[in-house]
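Below: the structure, in structure tokens.
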Amino acid sequence: MKFGAVLFDLDGTVIDSAPIITRLLALTAKEITGVERDPADMIKYVGPPLVWSMGDMGAAEEDIPHYIKFYRSHYDKVMVDSPVFAGMDDLIRDLAEVMPVGLATSKKLSGAELTLKAKGLYDTFTTVCGGSEDGLTADKAEIIARALEGIGPVDGEVVMVGDRIFDIDGADANGLKTIIVSWGAGGAQERERAWKTADTMDELRELLFG
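Each position in the sequence shown, counted from 1, maps to that position plus 1439 in my numbering.
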């Protein structure tokens, strides 16, 4: 067995949330700027902390909490509608039989827990760590550090599975390798910094089980 434990990101890695997130971020961007935005242009905001995304979309720092609440007032109603990527649920369950599996997401913790419970995956995770409820604290390195504490000592390396540069940076800060999945929101340039890239679920399974 190559690894002693696995940490997963959620949005864009386990859950195909991009269609819903980009649509509602476009709505939020219009609220911020008054200009219609194409949901396709919002793909770069799938994965990063909301506080960063709102600022990048043009919100003044003091207004960011307001726009996070605006976004979540819509998103919370449809959050659990996003499907699990095909084959990911089986992979997570198979991993959980032989090693600890953790979740490290910038999504608010209650939202991550609700999503996993709706998909029947919550009990497969040894630990679930997320961002703050107000969306203002979602540093990926800190979240990964908490997930590592939740997993505890393991026999072997811990690897991070994600889809964005934020996952790579957070894993690097904790001395972890990262596998980036190409079905998420990250582009080729981000994936170049990963330890490995998985283009299919079978490739990811092979990398994790060795």
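From the three backbone atoms N, C-alpha and C, an ideal C-beta is built for every residue, glycine too.
Exclusion of the five residues before and after Gly1609 leaves Lys1579, Ala1580, Ile1583 as the residues of its chain whose Cβ lies within less than 6 Å of its Cβ. Selection Glu1572, Ile1471, Gly1486, Leu1464 evaluated against Asp1480 yields Leu1464 as nearest (Cα-Cα). In summary, Thr1472 is exposed, with fewer than 16 beta-carbon neighbours lying within 10 Å of its beta-carbon over all protein chains present. With respect to the 7 Å criterion, Val1485 and Ile1460 are classified as neighbours on the basis of their beta carbons.
Taking a C-beta distance under 7 Å as the contact criterion, Ala1543 and Ala1586 qualify as a contact pair. Note on geometry: alpha-carbon atoms of Glu1572 and Pro1488 lie some 12 Å from one another. Contact check for Ala1444 against Val1567 fails: the beta carbons are separated by 7 Å or more. The C-beta of Lys1546 has 16 or more other C-beta atoms within 10 Å across all chains shown, which makes the residue buried.
Taken in chain order, the whole alpha helix (DSSP H) runs of length 4 or more contained in the stretch 1450–1510 are 1457–1472, 1489–1495. Taking a C-beta distance under 7 Å as the contact criterion, Val1453 and Met1527 qualify as a contact pair. Apart from sequence neighbours up to five positions away, the residues of its chain that approach Arg1630 with a beta-carbon distance below 8 Å are Ile1619, Ser1621, Thr1636, ordered along the chain.
Going by beta carbons, Val1517 and Lys1558 fall outside the 7 Å limit. Thr1639 carries a coil assignment under DSSP once its states are collapsed to helix, strand and coil. Between the C-alpha atoms of Phe1648 and Phe1442 there is a straight-line separation of about 8 Å.
DSSP places Met1518 in the helix class (H, G or I) of the three-state scheme. Cα atoms of Phe1509 and Gly1595: separation of roughly 43 Å, rounded to the nearest angstrom.
Taking the CA atoms as reference points, Gly1623 sits about 11 Å from Val1600. For the pair Ile1503 and Met1493, the CB atoms are nearer than the 7 Å cut-off.
For the options Leu1646, Asp1602, Lys1469, Gly1550, the alpha carbon positioned closest to that of Lys1483 is the one of Asp1602.
Counted as a single uninterrupted DSSP element, the stretch harbouring Leu1615 is not any beta strand (DSSP E), since DSSP gives it neither H nor E.
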